[in-house]
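Reviewing the structure listed below.
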Amino acid sequence: MRLTGSAMRTAALAAAGLVLLAGCGGGAGDGDGKDDGAGKGERPGGPARGASATTHLKQIPEVGTALRSHIPADSRQIVAVYGKGFDSPESTVVLYEKGPKGWDRTASWAAHNGRHGWTLHHHEGDKRSPVGVFTLTDAGGVLADPGARLPYTHSAEFTPPSYWGKGTRHDFDYVVAINYNRVQGASPLDPTRPQGQAKGGGIWLHLDHGSGTSGCVSLPKAAMATLLRALDPQRHPVVVMGDRAHLLA
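Residue numbers (mature numbering (1 follows the signal peptide of the UniProt record, and there is no 0)): -28 to -1, 1 to 221.
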């Protein structure tokens, strides 16, 4: 059977989607890879410093000057991912929103990050989440748009491959793309990696399956729905993520 141009484009996108999904989740058959511990003990620079206020904060708590300096001046929403430890897959996600009196903590959830922890030098297959500040501009998922403010791609192509474990089948019901080595403003399914394949990619916020990921940050379904409804492109949301030691640097 000869494919039409439209069918060929659809097939190509589906194949690209499988490649992208394989770089994000933590399903069976995903492979453990070799962990070189890249970035362990390194600091982004600057003294350890954190905010101490509990409401109407001047700064985001437990985020030092090195990463703070990378938060855009016009950002009014921050998703902070506080990793438990450099080699730990456990973390806490907190949503902060800026009002006329300063930053307020509006929600908090238990979460997971890369199954091998964190790194300052993320690369393909290291099973670590990249430390840094990244913008959030695009969302999508297997499920219909729950009321997202970010552009939302509703597609069955987010469905994880069949060889992944049953526990990961709903990982991508909702996703928010983290702008690490991807084209900002494109669908999360876009496999383009501007800095090259070796730098890794497909780093998302997505549904939690109870354990570490291949580099993404995973949260409960209700948390993802809340984030999708809250994150507003007019407020220039970003994610600030890392283990606590590197966040404080």
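Built from N, CA and C at the ideal position, the CB exists for glycine as well.
If you're wondering where the values come from, they're calculated on a predicted model, not measured in any experiment.
With a minimum length of 4 residues, the unbroken runs of alpha helix (DSSP H) contained wholly in the stretch 33 to 88 fall at 37 to 40. In the DSSP assignment, T109 falls within the unbroken beta strand (DSSP E) covering G104 to G113. Apart from the 5 residues on each side of it in sequence, A116 sits with its Cβ closer than 7 Å to the Cβ of H126 in its chain, given in chain order. Here DSSP, grouped into helix, strand and coil, assigns G184 to coil. The criterion of a C-beta distance shorter than 7 Å is satisfied by S47 and H208. Ranked by how close their Cα comes to the Cα of K171, the residues E96, L67 and Y68 have E96 in first place.
Contact between F130 and V114 holds: their C-beta atoms lie close to 5 Å from each other, under 8 Å. Here A52 is actually not in contact with A111; their C-beta atoms are around 18 Å apart, not less than 8 Å. The beta-carbon distance between L219 and V35, rounded to whole angstroms, is 5 Å. This is short enough to meet the 8 Å contact definition. For H218, no beta strand (DSSP E) run applies; the uninterrupted alpha helix (DSSP H) run containing it begins and ends at R216 to L220, by DSSP. If the five residues before and after T107 are omitted, its C-beta is found closer than 7 Å to the C-beta atoms of N151, Q156 and V210, all from its own chain and listed in chain order. Excluding five sequence positions before and after A82, the CB atoms of its chain that fall closer than 7 Å to its own CB belong to T64, given in chain order. The residues G113, V114, L115 and L179, in chain order, have a CB closer than 6 Å to that of D145 in the same chain once the five nearest residues on each side in sequence are set aside. Residue pairing by DSSP puts I150 in a beta bridge opposite L108.
About 4 Å separates the beta carbon of G214 from that of V103, a gap short enough to meet the 8 Å contact definition.
Apart from sequence neighbours up to five positions away, the residues of its chain that approach Q167 with a beta-carbon distance below 8 Å are N153, ordered along the chain.
For T198, no beta strand (DSSP E) segment is defined; the enclosing uninterrupted segment is the alpha helix (DSSP H) at K193 to A202. With contacts defined as CB atoms closer than 7 Å, P118 and L200 qualify as a contacting pair.
For a cut-off of 8 Å, the C-beta gap from R100 to G187 is around 6 Å, short enough to register as a contact. When the Cα atoms are used, A217 and L122 turn out to be separated by approximately 31 Å.
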